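**Q** Per the working numbering, residue 112 is the first one in the sequence shown, and the count goes up by one each step.
C-beta: ideal position from N, C-alpha, C; glycine also.
These numbers come from a predicted model, not from an experiment.
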Amino acid sequence: MSTRVRRFTAPQRSVAGVSGTGTPEETALESYFIMISKFNFEKARDQCDREREVRSASCGTNWCDFMTALSRLASAEALYWSLGFIERLRISKLNFGKKEPLRTVLDQILLDLRRVREVYSQGKGGTGFSWERKMTDLVGEVMTFVNARKQLMELYPVINRYYKVIMTSLHWGGILEHNPS
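Put into structure tokens, the structure is as follows:
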């Protein structure tokens, strides 16, 4: 007897709402966010770089700036998930308050995204579904994500500090040394 295993695959939805029916730009964005969600940061970055080169003439500088920001965000996400910034937090105390590189990168990405959003928001069309309106909303959501990432980075030192306080209290209170026989 052989048993067949059926794999469940969730239906793919695009930025436009229906897979495969969006514009080339929407397809590129869908592909990027799928790669990011699968932790495939290098391919996401490469795809943004390719998209920027291919569409630089037809889509204008604002699209290229957005692709550059997304490319840098993919690199920042790779650095974030390597958790290397946590070690740098400990070391940065010795550097007399210098910012860690990831925080600096995220701040720069936010500045770039803010500029992109301003340009798209100035070009909002009268229709409710204009490209500029979609892009303004999307860039705003990406900015919210980057801000959330920065806030999470601020949380880790707090957790570490409380962990040390609790462990020190347990150690000095004799709770950790208690060895029932």
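Can Y231 and V250 be called in contact, C-beta distance under 8 Å?
**A** yes
**Q** If we count Cβ pairs, one from each stretch, closer than 8 Å, do we get three or more for the segment 215-223 versus the segment 137-156?
**A** no
**Q** Excluding the 5 residues preceding and the 5 following N173 in the sequence, name in chain order all residues of the same chain whose CB lies nearer than 7 Å to its CB.
**A** V227, V230 and Y231
**Q** Rounding to the nearest angstrom, what Cα-Cα distance links T279 and N271 in this structure?
**A** 12 Å
**Q** Taking C-alpha atoms, which residue in M178, S182, V257 and Y273 lies nearest to E136?
**A** M178
**Q** On the criterion of 16 or more Cβ atoms from any shown chain inside 10 Å, does R161 qualify as buried, or is it exposed?
**A** R161 should be labelled exposed.
**Q** Residues in the same chain with beta-carbon distance under 6 Å from A180, minus the five sequence neighbours each way, listed in chain order, please.
**A** I220, D223 and L224
**Q** Measuring only the C-alpha atoms, how far is Y273 from L266?
**A** 11 Å
**Q** Look at the alpha carbon of F152 and the alpha carbon of A189, and state the distance between them as a whole number of angstroms.
**A** 6 Å
**Q** Return the first residue and the last residue of the alpha helix (DSSP H) that F152 is part of.
**A** F152 to C170
**Q** Candidates K275, W283 and L194: which alpha carbon is nearest R260's?
**A** It is L194 whose Cα lies nearest to the Cα of R260.
**Q** By Cβ distance, which residues of its chain are closer than 7 Å to R156, with the 5 residues on each side in sequence left out?
**A** The beta carbon of R156 lies closer than 7 Å to those of S182, A185 and S186 in the same chain, with the five residues before and after it left out.
**Q** Compare the beta carbon distance of S169 and C175 with 8 Å and say whether it is the shorter of the two.
**A** Between S169 and C175, the C-beta spacing is not below 8 Å.
**Q** By the three-class DSSP mapping on this structure, what secondary structure does G234 have?
**A** coil
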